[in-house]
């Protein structure tokens, strides 16, 4: 469902020259799999995901999502993915229900299907208490649940989550992690970007460790631990990143 092939993005800065936000990144995500993109802030996770979501045009390499090329067929890619950005703004004067419905209509959903879908998402994400409250009156956790619902209202097969639990309380973060796990159970293809090691261990079938724009290692959590000789994913991550920096 997702395949990145030497995906590269170079930014030009007047003072710093060329900056490689992503450097020849290659990986593959099969249907029904959660692929974890693990890295520190500024490692290249968001740049890579934005290219896959057609928000950024790659400088080099290529990628396909759901069988569609991200450069040649960006509209088809967008129609078949749900992309949750790390920083998502909501329309303050709309209620959560109105906001989700607005995006559903953008995807061409008919009103009957849309009402049923909002009801199902409200139940799954426990949004009943605030579904008809204006977005500017919602807590951080409520806003994030609304953003998740808005992202997947059209029931896409490919889901891209960029730091979905950032800044959330424990209970809300737990609920979102559980929801992502349910998405895998429905056969969705998921890329899950995070720097929270415990989330990666709980959720991800395969983990890719990205540092300074390059994919330094890839494998299951057990494989990464075995490769580094560490019993803890965090220690494995640090060893892989440090080795890459030294090289």
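Residue numbers (the working numbering): 11 to 257.
For glycine and all other residues, C-beta sits at the position ideal for the given N, C-alpha and C.
How about residue i and residue j: do their beta carbons lie closer than 8 Å?
i	j	result
residue 218	residue 42	no
residue 136	residue 185	yes
residue 65	residue 161	no
residue 227	residue 250	yes
residue 141	residue 106	yes
residue 19	residue 68	yes
residue 114	residue 164	yes
residue 175	residue 187	yes
residue 55	residue 220	yes
residue 87	residue 76	yes
residue 247	residue 48	yes
residue 44	residue 213	yes
Residues in the same chain with beta-carbon distance under 7 Å from residue i, minus the five sequence neighbours each way, listed in chain order, please.
i	result
residue 259	For the chain, the structure presents residues 11 to 257; residue 259 sits outside this window and is missing.
residue 111	124 and 128
residue 28	20 and 22
If you drop the 5 nearest sequence neighbours on each side, which residues of the same chain put their C-beta closer than 8 Å to that of residue i?
i	result
residue 245	238
residue 104	112, 144 and 145
residue 33	18, 54, 222, 223 and 224
Between residue i and the rest of its own chain, which residues show a CB-CB distance below 6 Å, the 5 nearest in sequence each way excluded?
i	result
residue 35	14, 17, 58 and 225
residue 243	207, 211 and 231
In the DSSP output, which residue or residues are listed as bridge partners for residue i?
i	result
residue 203	47 and 172
residue 14	37 and 73
residue 187	Residue 187 is not bridged to any residue.
residue 221	224
residue 22	28
residue 216	45
Measuring only between beta-carbons, confirm whether residue i sits less than 8 Å from chain D.
i	result
residue 54	The displayed structure is made up of one protein chain only, and chain D is not part of it.
Under 8 Å by Cβ, that's how I've got residue i and residue j pegged, so tell me the actual separation to the nearest angstrom.
i	j	result
residue 46	residue 210	4 Å
residue 173	residue 203	6 Å
residue 167	residue 90	6 Å
Note to self: Report the start-end ranges of each beta strand (DSSP E) in the segment 60 to 144 that is 3 residues or longer and not cut off at the edges.
What the structure shows: 70 to 75 and 91 to 94
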